[in-house]
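>
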Amino acid sequence: MNSEILDGFVKQKDKADVRKTHLFGGRFENIYLDEKHIPQLKILIDEAVLHAEQILKTKGLRAGYWFNDMPPGSSTTLHTHDDDDELLSAVYYVYVPEDSGNLIIYDDSISSDIKKIKIQSRTGDFIFFKPDIRHEVSKNNSVENRLSIGINFGRGSKSD
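The sequence shown begins at 5 in this note's numbering and counts up by one.
Put into structure tokens, the structure is as follows:
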């Protein structure tokens, strides 16, 4: 499924109907493609919603999602996902070349001695985290683009 999603992304990302936001360092960090662009996304997002519902012990979640295409030399700046009604956030790794950056999460809790947690990015993995957790992605030191999907889960039933 990852290769189909990757191929679909490459074919669709520059089409006129594709919305792009968050322009930093000369690239759009959020690229919005959906099931009409890449049909395999439905299976992936449905799986993500099931995992989120298990984690949160609730039903009827909706998922909003976007692609993050990270070329060599790029990184993703420190940010959170707690802008709206998000209950949980996640990242799914579609394609992760060796040395193409890792997820770095900051633990701001008072009881924590470990303030910075590095999570190795691997193709095919989901990582779930609270939306208010500060996080960033380290520099892509590979010669290939790294592709991931950011996901926010909230109440409702609509998948974006």
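Ideal Cβ placement from N, Cα and C applies to all residues, glycine included.
Answer yes or no: do residue 143 and residue 93 have a C-beta to C-beta separation smaller than 7 Å?
Contact flag unset, no.
> Would you call residue 47 buried or exposed, if buried means 16 or more other Cβ atoms sit within 10 Å of its Cβ?
Label assigned to residue 47: exposed.
> Could you tell me the alpha carbon to alpha carbon distance between residue 120 and residue 111, rounded to whole angstroms?
In a straight line, the C-alpha of residue 120 is about 6 Å away from that of residue 111.
> Taking the CB atoms as reference points, tell me whether residue 71 and residue 153 lie closer together than 7 Å.
Yes, Cβ-Cβ distance for residue 71 and residue 153 is below 7 Å.
> Which class does residue 20 belong to by DSSP, given the choice of helix, strand or coil?
Residue 20 falls in the coil class under three-state DSSP.
> Kindly confirm or deny that the region 15-26 and the region 50-63 touch, where touching means at least three C-beta pairs closer than 8 Å.
Flag = no, the region 15-26 and the region 50-63 do not touch.
> Around the C-beta of residue 74, are 16 or more other C-beta atoms found within 10 angstroms, so that it is buried, or is it exposed?
Its Cβ being crowded by 16 or more others within 10 Å, residue 74 is buried.
> Given that a residue counts as buried once 16 or more other Cβ atoms are within 10 Å of its Cβ, and exposed if not, what is residue 65?
Buried: at least 16 other Cβ atoms inside 10 Å.
> Look up residue 122 in the DSSP assignment and say whether it is helix, strand or coil.
It is a strand residue.
> Any contact of the region 37-46 with the region 125-139, i.e. 3+ C-beta pairs under 8 Å?
With a cut-off of 8 Å, the region 125-139 and the region 37-46 do not count as touching, because too few Cβ pairs lie within range.
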